[in-house]
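Undergrad: Before anything else, here's the structure in question.
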Amino acid sequence: MLIETERLLLRPFEEGDAEDVFEYLNEPPVNCFADMKLHSMEEAREEVLKRTVETEYYFAIVIKESGKVIGEIYAYPESADEHGADSGIDTFSPCWMLNKAYHRKGYAYEAAHAFFEYLFKDKGARRIYAYTEDNNKASQHLCEKLGMRQEGLFKEFISFVNNPDGTPRYENTYQYAILKKEWK
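What follows is the structure, encoded as structure tokens:
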């Protein structure tokens, strides 16, 4: 699967992407990706091999002109009702991450917009929602630019990292969402 925008390609990962992946995962930009931190090129090669298996819902974000992988975006279908009601698998919660060197250039919006279009039109998404930490203003702005509405703030919702004393550092988390009928 290949999704093309004006400046980007969203494509499955390839074995040769390890160096670019290491570049953005050796210091993940926000705490929610802390568990993805890579410490060596060997780890990067192993991670890329895992990613090459998924070709439908997990994409490398690639600059068309240079072929450089500058990030990733992914989401898997899930049931709209976690309590067992008979509902379709039509809800997605995407995650996106870009190399810090490529922030503030419109790449995240371009990639996410194309990915949302793909999920709504090709994958039968009815609802797309995203979580973002309350201090991640860039991700909140991206959600809003994509037409998502803020649905709530979860206080001390989750912990991705520990405080210096070893106790969990809980983060406040916003949830944003958009329905297919709201998508422009």
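Numbering of the sequence shown is given in the working numbering, commencing with residue 47 and proceeding in unit increments. Glycine included, every Cβ here is placed at the ideal spot set by N, Cα and C. Keep in mind it's a predicted model, so treat the numbers as computed, not measured.
1. If we count the other Cβ atoms within 10 Å of its Cβ and call it buried at 16 or more, is Pro-140 buried or exposed?
2. Grab the span of the beta strand (DSSP E) containing Phe-59 for me, first residue to last.
3. Can you tell me whether Ser-185 is buried or exposed? The criterion is at least 16 other CB atoms within 10 Å of its CB, across all chains shown.
4. DSSP on Arg-91, reduced to helix/strand/coil?
5. In whole angstroms, what is the alpha-carbon distance linking Glu-73 and Arg-150?
6. In this structure, how does DSSP classify Arg-97 when only helix, strand and coil are distinguished?
7. What is the C-beta distance between Glu-88 and Ala-106, in whole angstroms, given that I count them as a contact (C-beta under 8 Å)?
8. How many angstroms separate the CA atom of Lys-230 from the CA atom of Leu-95?
9. Give the DSSP-derived three-state secondary structure of Glu-50 in the structure shown.
10. Rounded to whole angstroms, what is the Cα-Cα separation between Gly-170 and Ser-125?
11. Would you tell me roughly how many angstroms separate the C-alpha atoms of Phe-68 and Glu-100, rounded to the nearest one?
12. Are there three or more Cβ pairs, one per stretch, closer than 8 Å when the segment 201-221 is compared with the segment 151-170?
TA: Result, derived from the coordinates:
1. Start at 1 with the first residue of the sequence shown, and residue 140 comes out as number 94. With 16 or more other Cβ atoms within 10 Å, it is buried.
2. Translated into the one-based positions of the sequence shown, residue 59 becomes position 13. Segment: none, Phe-59 is in no beta strand (DSSP E) and carries neither H nor E.
3. Translated into the one-based positions of the sequence shown, residue 185 becomes position 139. By the neighbour-count rule (16 or more Cβ atoms within 10 Å), Ser-185 is buried.
4. For the purposes of this step, residue 91 is taken as the residue at position 45 of the sequence shown. DSSP places Arg-91 in helix when its eight states are reduced to three.
5. Within the sequence shown, the letter at position 27 stands for residue 73. Within the sequence shown, the letter at position 104 stands for residue 150. C-alpha separation (whole angstroms): 18 Å.
6. The sequence position of residue 97 within the sequence shown is 51, counting from 1. The answer is helix: DSSP assigns Arg-97 an H, G or I state.
7. Mapped onto the sequence shown, residue 88 falls at position 42. Mapped onto the sequence shown, residue 106 falls at position 60. About 19 Å; that fails the 8 Å criterion.
8. Here residue 230 is taken as the residue at index 184 of the sequence shown, counted from 1. Here residue 95 is taken as the residue at index 49 of the sequence shown, counted from 1. Taking the straight line joining both Cα atoms gives about 36 Å.
9. The residue labelled residue 50 in the question sits at position 4 within the sequence shown. Correct three-state label for Glu-50: strand.
10. For the purposes of this step, residue 170 is identified with residue 124 of the sequence shown, where counting begins at 1. For the purposes of this step, residue 125 is identified with residue 79 of the sequence shown, where counting begins at 1. Their Cα atoms are separated by approximately 12 Å.
11. By one-based count along the sequence shown, residue 68 stands at place 22. By one-based count along the sequence shown, residue 100 stands at place 54. Going from the Cα of Phe-68 to the Cα of Glu-100 covers about 19 Å.
12. no
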